[in-house]
Amino acid sequence: MRTLNFDVLTLFPGILAGPLNESILKRAQERGLLDVRVWDIREYTEDKHKTADDSPFGGGAGMVLKPEPIFRAVEALKAGSPEEDFFVISLSPQGRVFNHREAERLSRERRRIVLLSGHYEAIDERVKEGVVDEELSIGDYVLTGGELAALVVIDATARLVPGVLGDEESACFDSFGTGLLDHPHYTRPADFRGMQVPEVLLSGNHEEIRKWRRRQALKATLLKRPDLLQTVDLSDEDRAVLAELEKEIQQE
Ligand code: ADE
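One gets the numbering used here by counting positions in the sequence shown from 1 and adding 1109 to each.
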């Protein structure tokens, strides 16, 4: 059994509490598959007002997170362990965009992954120079802080650790594992307000069901995210289906 380890540095530990204490992430921690420690940056300030940010040199709007509390917090969490046991990621819109491939890479990480979540405008550049190994963004938009981004990274990464998802859960969420968007899903009733479940899914013919699902996944990807098709491993059968789908779409 392997444990995925995170340390999250934040000014707002409360933002992380809910998602980490529910459902799959909670169970993963109880089973020892996931360990998440949350560190309050403000605890590492030294003045009586616990000041973590200050105005920018050179002027301008917004505040900047001060370097001292962050350096101290990172030193505290690393204390007593070798430096090479840690990997520090700063969450920021300036980072490389996080995706399924990044999640797979992090899920194999043996080091403790330190996630630095800034709040306010910016983090003093010297933190990046002295502490941060890599910057990650969760998308091309700006959040009020990095905490939600840290949760996204933890969630998407932890579910790839063997044992975190039960068989049923992994079967339900396997979009992107294949590099394609997911096929549609249905459950009972077979007829809901006149909307029917596709016949093939009721047929019990596993090969036909497999083909239908693959075709639907290819179709969804072709229609909604054709860019993904550039990087997927496609079989000859997939290519034939895609050619058919392209014709169908042109005719519609
Ligand atoms: N902090 C603010 N916006 C962010 C984003 N898009 N990704 C990661 N961290 C952020």
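Beta carbons: idealized from backbone N, C-alpha and C, even for Gly.
- Put simply, the backbone Cα of T1112 is about 26 Å away from that of F1180.
- When DSSP states are grouped into helix, strand and coil, A1329 belongs to the helix group.
- Counting the other Cβ atoms within 10 Å of the Cβ of S1199 gives 16 or more, which makes it buried.
- For the ligand ADE, no non-hydrogen atom lies closer than 7 Å to the CB of V1117.
- The criterion of a C-beta distance shorter than 8 Å is satisfied by A1258 and L1252.
- I1198: not part of any alpha helix (DSSP H); member of the beta strand (DSSP E) spanning F1195 to V1206, first to last residue.
- Under the three-state reduction of DSSP, V1273 is assigned to coil, being neither helix nor strand.
- Around the beta carbon of F1301, fewer than 16 other beta carbons sit within 10 angstroms, so the residue counts as exposed.
- In this structure V1147 does not touch V1197 by the C-beta definition: roughly 15 Å separates them, more than the 8 Å allowed.
- DSSP places E1243 in the uninterrupted beta strand (DSSP E) bounded by E1243 to S1246.
- DSSP lists R1146 and V1223 as the beta-bridge partner residues of D1116.
- By the beta-carbon neighbour count (other beta carbons within 10 angstroms, threshold 16), Y1250 is exposed.
- Q1325 and E1346 have their C-alpha atoms spaced approximately 13 Å apart.
- G1171 has its CB no nearer than 7 Å to any heavy atom of the ligand ADE.
- The three-state reading of DSSP puts L1174 in strand, counting E and B together.
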